[in-house]
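Comments concern the structure below.
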Amino acid sequence: TETVNAVQQPTAAFSFDCTSLDCSFDASGSVAPGSAITSYAWDFGDGATGTGVTPDHSFAASDSYDVTLTITTTEGLTDEVTHTVAVVRVNQKPVADFTKSCSQLDCTFDAGSSADPDGTIASYAWDFGDGATASGKTASHTYVAGSYTVTLTVTDNDGASDSKTATVEVSA
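Each number in my numbering corresponds to the 1-based position in the sequence shown with 97 added.
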């Protein structure tokens, strides 16, 4: 008697999980009955490629990408599967921060230490705590003697905002 091992066509399969533009791929669900998978080749649909069972990939922009996995067995048999992966960049909110300097009733405010980790700050809005407001990275205001709560609100280029408050004590 002769034993014949039947090698069947492999089946490529993968799953993925994305957070913002960063994705993890997993091809461990691929099978090659009667054989072994020797190669996992990835085309991420954005010009980048990869190898391995569980590669990670970061996309440059929000979009839908056709990601293709091609597996190859010991015998040279191949299979491929393509999934459309939609990624959306999650905007990180800016961080409002400012310094203040007062000389008697005259105060200056500087929001130059405010920052946006993934974009730019599009607007600066000041509330001086006495009914007066201003805009811009820097602002000046003259108070009457007293204690006031100053609020800076910064808004980034994607519409997210953050605020910071500080107390200002002024006297003549």
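Just so you know, even glycine gets a beta-carbon here, dropped at the ideal spot from N, CA and C.
Quick one: complete alpha helix (DSSP H) runs, 4+ long, within the region 145-178?
-> As summarised for the region 145-178, there are no continuous alpha helix (DSSP H) elements at least 4 residues long confined to that stretch.
In DSSP terms, what Asp259 is bridged to = Translated into the one-based positions of the sequence shown, residue 259 becomes position 162. DSSP lists Val251 as partners of Asp259.
Output yes or no for whether 8 Å exceeds the beta carbon distance between Ser132 and Glu177.
-> Numbered from its first residue, the sequence shown carries residue 132 at position 35. Numbered from its first residue, the sequence shown carries residue 177 at position 80. No; because the gap between Cβ atoms is not below 8 Å, this pair is not in contact.
Segment contact flag, the region 146-156 with the region 191-210, C-beta cutoff 8 Å, min 3 pairs = Segments in contact, no.
Would Thr287 pass as a contact of Val164 if the rule is Cβ separation under 8 Å?
-> Here the chain has residues from 98 to 269 only, and residue 287 is not among them.
Unbroken beta strand (DSSP E) run spanning Lys197, endpoints = The residue given as residue 197 occupies position 100 in the sequence shown. Here the beta strand (DSSP E) through Lys197 covers Thr196 to Ser200.
What span of residues does the beta strand (DSSP E) with Tyr221 cover, start to end?
-> What you label residue 221 is simply residue 124 of the sequence shown in a count that begins at 1. First-last of the beta strand (DSSP E) with Tyr221: Ile218 to Asp224.
Whose C-beta lies closer than 7 Å to the C-beta of Gln189 among residues of the same chain, with five residues either side of it excluded?
-> Counting from one through the sequence shown, the residue named residue 189 turns up at place 92. Hits under 7 Å: Pro214 and Asp215.
Whose C-alpha, out of Tyr221, Phe141, Ser127 and Ser112, is nearest the C-alpha of Ala157?
-> Translated into the one-based positions of the sequence shown, residue 157 becomes position 60. Check the Cα spacing between Ala157 and each of Tyr221, Phe141, Ser127 and Ser112: the tightest is with Phe141.
Where does Gly142 fall in DSSP's three states?
-> Residue mapping note: residue 142 aligns to position 45 of the sequence shown, counting from 1. Residue state, collapsed to three classes: coil.
Return the Cβ separation of Ala219 and Asp194 in integer angstroms, given the expectation that the two are a contact with Cβ distance under 8 Å.
-> The residue given as residue 219 occupies position 122 in the sequence shown. The residue given as residue 194 occupies position 97 in the sequence shown. In this structure Ala219 does not touch Asp194 by the C-beta definition: roughly 16 Å separates them, more than the 8 Å allowed.
CA-CA distance, Phe111 and Pro130?
-> Your numbering for residue 111 matches position 14 in the sequence shown. Your numbering for residue 130 matches position 33 in the sequence shown. The straight-line gap from Cα to Cα measures roughly 17 Å.
CB Ala208 to CB Val192, shorter than 8 Å?
-> On the sequence shown, position 111 is the one that residue 208 refers to. On the sequence shown, position 95 is the one that residue 192 refers to. No, the pair does not count as a contact, with Cβ atoms beyond the cut-off.
Within the same chain, show all residues whose beta-carbon is closer than 7 Å to that of Val128, passing over the 5 residues directly before and after it, in chain order.
-> Walking along the sequence shown from the start, residue 128 turns up at place 31. Excluding residues within five positions, the ones whose Cβ falls inside 7 Å are Pro107 and Thr108.
Identify the continuous beta strand (DSSP E) that holds Ala236 and give its terminal residues.
-> As a position in the sequence shown, residue 236 is number 139, starting the count at 1. Boundaries of the beta strand (DSSP E) harbouring Ala236: Thr235 to Thr239, taken from the DSSP string.
Quick one: give me the first and last residue of the beta strand (DSSP E) that Thr230 is part of.
-> Reading the sequence shown from its first residue, position 133 is the one you call residue 230. Thr230 -> beta strand (DSSP E) spans Thr230 to Ser232.
Is Ala110 helix, strand or coil when you go by DSSP?
-> Indexing the sequence shown from 1 puts residue 110 at position 13. Correct three-state label for Ala110: coil.
For the beta strand (DSSP E) that contains Ser127, what are its first and last residues?
-> Translated into the one-based positions of the sequence shown, residue 127 becomes position 30. Looking at the DSSP string, Ser127 is not in any beta strand (DSSP E), and its letter there is neither H nor E.
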